[in-house]
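**Q** Pasting a structure here, questions to come.
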């Protein structure tokens, strides 16, 4: 390919070379050579990559061919096995067995249908025979009853005896029922009162818990305030000690400076006093000798002045008398300022000591107040804990009483269920009305009592009918009147509110409990419960007397 491209590019190169000079022609030739060399390299790389791709494809195709040949061998092997005579015979045998089984299934299905039809016919025949047997039994019993009057009389007597026994049993059940009903009502009343007491005690317990929490919070706040006050007091004490130490240091420094100044002053005063005495002596001597030397020349007085001036110069270190006088005046002013500052510091120290005393008095009063508050809080917390323990004990006692009353109610319910089953009462009405499962609960107990009363009335009515039919043969026998039916009439005529008095309202108990704002102890609660029970007994006795008077009327 490269020579052909070179041959094709030669005329154009020649034309271009003829157009340009020699150097430019060489440059163009080199550029074309490089370009053609790059194209050749690219073509060679493409050829190498194409050869590698072809080799990879050939390897993959060889692997695929090997896998296909292996699969072909396996398939041919399985086909040869399937086409073998043994497998063909096994398939024929399996087909024959399946056909036999299907035929047996069809036969058994037909046999089952025949047996079902036969069973249906037998069931219909059995029902017809049972109906015939029932009819024949009824006819036989009627014939026997018509033929045997003595036997009927005996049966009537036995039935009467059974009925008497049943009535006696029913009377005992009624009395027991009334007693249980009264006990249930009393237990309900007691449960209501105990529930009310429990709620009140629970509320009081919550209040006491809240009060105890507030007391604890107040005590914690007081303790925190006390700790803050103690921290402030300690800080003030530290500050006071630091101030006193600093003041003592400054005071010592000032005293030292004052001592130095006083020493200096005393030294200067002594020096000045010495000079003044010498001057006075000199003056006296001069005055004494003045008369003698008056006549002398004025040079002598000038000499004396020069001597004094020399002595002042000796006292002055630098030889400056004005500076000596100014330094003395400045020292005197400094001493006076230090004295005034010391007096001011003494006054401030007195004020600070007075403030410290006042703060100490305040701290002592705060400490006493905090101790009193802590003692009061501890006393209140102890009282609250004692009341809390008492209320928890009372609540536990009332819970035990409530559990005992619940157990008694459960026993009453179980006894009522047994009685309900013994007399064969029907609870379909209650189940239809309430949608219940026929079990006795606190809500439907009165309705079950009504069903039991209804069943007893039906039994008493059956007894009276049987006695009337038994006495119908003899006209001389008087009409039978059952005293139990008379009692039932009285029960029907009586007011239901008198038989089952409604539970007393808890207004009195709530008023009695609400009237007591302070939490009660165990003895006070016991007295309150006894008073409420006596009131309830008095009310129950009044209602009982009213019921008896209405019965007598």
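Numbering (the UniProt record's numbering), first residue to last: 1 to 553.
Don't be surprised by glycine CBs; every beta carbon is placed ideally from N, CA and C.
Small disclaimer: the values here were computed from a predicted structure and weren't measured.
By Cβ distance below 6 Å, which residues in the same chain neighbour residue 372 in space, the five residues on each side in sequence not counted?
**A** Nothing listed; no residue qualifies.
**Q** Buried or exposed, going by whether 16 or more other CB atoms sit within 10 Å of the CB of residue 505?
**A** Legend: pLDDT at residue 505 = 45, less than 50; position of this residue unreliable, value from coordinates given subsequently. Classification for residue 505: exposed.
**Q** In whole angstroms, what is the alpha-carbon distance linking residue 259 and residue 351?
**A** Their Cα atoms are separated by approximately 26 Å.
**Q** Below 8 Å, how does it come out for the region 218-228 and the region 416-426: are there three or more Cβ pairs, yes or no?
**A** No: the two stretches stay apart, fewer than three of their Cβ pairs being nearer than 8 Å.
**Q** Would you mind giving the Cβ-Cβ distance between residue 412 and residue 184, rounded to the nearest angstrom? I have them listed as a contact below 8 Å.
**A** About 6 Å separates the two Cβ atoms, so the contact holds.
**Q** State whether the region 328-346 contacts the region 194-212, with contact taken as three or more CB pairs (one from each stretch) at a distance under 8 Å.
**A** They do not touch, by the three-pair rule.
**Q** Compare the beta carbon distance of residue 391 and residue 191 with 8 Å and say whether it is the shorter of the two.
**A** Result no, Cβ atoms of residue 391 and residue 191 do not sit closer than 8 Å.
**Q** From residue 451 to residue 168, what does the alpha carbon distance come to, in whole angstroms?
**A** For residue 451 and residue 168, the distance between alpha carbons rounds to 19 Å.
**Q** Kindly indicate which three-state DSSP category residue 356 falls into: helix, strand or coil?
**A** In the structure shown, residue 356 sits in a helix (DSSP, three-state: H, G or I).
**Q** Just the Cα atoms here: how many angstroms apart are residue 375 and residue 381?
**A** Rounded to the nearest angstrom, the two C-alpha atoms are 10 Å apart.
**Q** Would you call the region 154-171 and the region 455-462 in contact, with 3 or more CB pairs under 8 Å?
**A** With a cut-off of 8 Å, the region 455-462 and the region 154-171 count as touching, because enough Cβ pairs lie within range.
**Q** Where does residue 425 sit, in a helix, a strand or coil, going by DSSP?
**A** If DSSP states are grouped into helix, strand and coil, residue 425 belongs with coil.
**Q** Looking at the structure shown, is residue 441 part of a helix, part of a strand, or coil, going by DSSP?
**A** Looking at residue 441 - three-state DSSP - the assignment turns out to be coil, as it is neither helix nor strand.
**Q** Pick out whichever of 159, 249, 194, 116 has its Cα sitting closest to the Cα of residue 398.
**A** For residue 398, the nearest C-alpha among the options comes from 194.
**Q** Of the residues 240, 215, 49, 264, which one's Cα is nearest the Cα of residue 379?
**A** Cα-wise, what sits closest to residue 379 is 215.
**Q** Do residue 187 and residue 409 have their C-beta atoms within less than 8 Å of each other?
**A** Result yes, Cβ atoms of residue 187 and residue 409 sit closer than 8 Å.
**Q** Let me confirm a value: residue 463 is counted as buried when at least 16 other C-beta atoms fall within 10 Å, else exposed. Which label applies?
**A** Flag for residue 463 reads buried.
**Q** Buried or exposed for residue 264, going by 16 or more other Cβ atoms inside 10 Å?
**A** Residue 264 is exposed by the Cβ-count criterion.
**Q** When you compare each of 401, 222, 135, 157 to residue 367 by their alpha carbons, which one comes out closest?
**A** With distances taken between Cα atoms, residue 367 lies closest to 222.
**Q** Give the secondary structure of residue 373 by DSSP, where H, G and I count as helix, E and B as strand, and everything else as coil.
**A** Helix at residue 373.
**Q** Looking at the structure shown, is residue 67 part of a helix, part of a strand, or coil, going by DSSP?
**A** Looking at residue 67 - three-state DSSP - the assignment turns out to be helix.
**Q** Do you know offhand how far residue 37's Cα is from residue 67's?
**A** Taking the straight line joining both Cα atoms gives about 45 Å.
**Q** According to DSSP, is residue 124 helix, strand or coil?
**A** It is helical.
**Q** Quick one: Cα of residue 466 to Cα of residue 177, how far?
**A** Rounded to the nearest angstrom, the two C-alpha atoms are 26 Å apart.
**Q** Would the region 329-340 and the region 231-248 be scored as touching if the rule is three or more Cβ pairs under 8 Å?
**A** These segments do not touch.
**Q** Quick one: is residue 386 buried, meaning 16 or more other Cβ sit within 10 Å of its Cβ, or exposed?
**A** Per the 10 Å Cβ criterion, exposed.
**Q** Can you give the Cα-Cα distance for residue 361 and residue 238, rounded to whole angstroms?
**A** The straight-line gap from Cα to Cα measures roughly 17 Å.
**Q** Exposed or buried, what is residue 394 when buried is set at 16 or more other beta-carbons lying within 10 Å of its beta-carbon?
**A** Counting Cβ neighbours within 10 Å, residue 394 comes out buried, since at least 16 surround it.
**Q** Does any heavy atom of the ligand MN sit closer than 7 Å to the C-beta of residue 142?
**A** For the structure depicted, the ligand MN is absent and the ligand set is empty, with no information on it obtainable.
**Q** Report the three-state DSSP secondary structure of residue 266 (helix, strand or coil).
**A** Helix, per DSSP.
**Q** Report yes or no: is there a C-beta of chain E within less than 8 Å of the C-beta of residue 406?
**A** This model lacks chain E altogether, as it is built from one protein chain only.
**Q** Taking DSSP as the reference, what is the three-state secondary structure of residue 84?
**A** DSSP places residue 84 in coil when its eight states are reduced to three.
**Q** Rounded to whole angstroms, what's the CA-CA distance from residue 48 to residue 41? Just pull it up for me.
**A** Distance between the alpha carbons of residue 48 and residue 41 is about 11 Å.
**Q** Which residues in the same chain have their Cβ closer than 8 Å to the Cβ of residue 388, if we skip the five residues on either side of it in sequence?
**A** The answer, listed in chain order, is 205, 208, 209, 212.
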